[in-house]
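Engineer: A single structure is presented below for examination.
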Amino acid sequence: MYAIIRVGGRQYRVEENSTLLVNKLEGSAGTALTIDEVLAIGGENPIFGAPIAENAKVTATIVEQTKGVKIDGYTYKAKKNVRHHYGHRQQLTKLHIDSIAVGK
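Residue 114 in the working numbering sits at position 67 of the sequence shown, with consecutive numbering throughout.
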């Protein structure tokens, strides 16, 4: 069974006992989360929300707070001696999906 969830404005396809990286969420390692924004649940009897599936929950545990790959950027203007370097490193949270539940 799998679920499509929305976390931090993005959608992810998750399965039980899987891990995924999402934009930073508040909490420390070991904190349990309940994700209520379940858009769809797939399997033998699929459930689709309009837009959120009712009585569906995904529980997850924060594994660690980490950083993504550094992105280096450069801008310059030819013949003007204007050069600008910038970098960005996204803050991420690694989640472990514990269970996908559908209640009545």
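Built from N, CA and C at the ideal position, the CB exists for glycine as well.
Just so you know, these numbers come straight off a predicted model, no measurement behind them.
Does DSSP put residue 116 in a helix, a strand or coil?
Structural biologist: Looking up residue 116 in the sequence shown gives position 69. Three-state DSSP puts residue 116 in coil, outside helix and strand.
Engineer: Tell me, to the nearest whole angstrom, how far the beta carbon of residue 118 is from that of residue 75; I am working on the premise that it is less than 8 Å.
Structural biologist: Here residue 118 refers to the residue found at position 71 when the sequence shown is read from its first residue. Here residue 75 refers to the residue found at position 28 when the sequence shown is read from its first residue. Contact flag wrong, Cβ pair sits at about 26 Å.
Engineer: If we ignore side chains and look at the alpha-carbon of each, how far apart do residue 105 and residue 143 end up?
Structural biologist: The residue given as residue 105 occupies position 58 in the sequence shown. The residue given as residue 143 occupies position 96 in the sequence shown. Rounded to whole angstroms, residue 105 to residue 143 spans 11 Å at the Cα level.
Engineer: Where does residue 127 sit, in a helix, a strand or coil, going by DSSP?
Structural biologist: What you label residue 127 is simply residue 80 of the sequence shown in a count that begins at 1. Looking at residue 127 - three-state DSSP - the assignment turns out to be coil, as it is neither helix nor strand.
Engineer: Please report how far the alpha carbon of residue 84 lies from the alpha carbon of residue 95, in whole angstroms.
Structural biologist: Taking the first residue of the sequence shown as 1, we reach residue 84 at position 37. Taking the first residue of the sequence shown as 1, we reach residue 95 at position 48. If I take the Cα positions, the gap works out to 12 Å.
Engineer: Tell me where the beta strand (DSSP E) around residue 141 begins and ends.
Structural biologist: As a first step, residue 141 must be located in the sequence shown, where it is residue number 94. First-last of the beta strand (DSSP E) with residue 141: 138–149.
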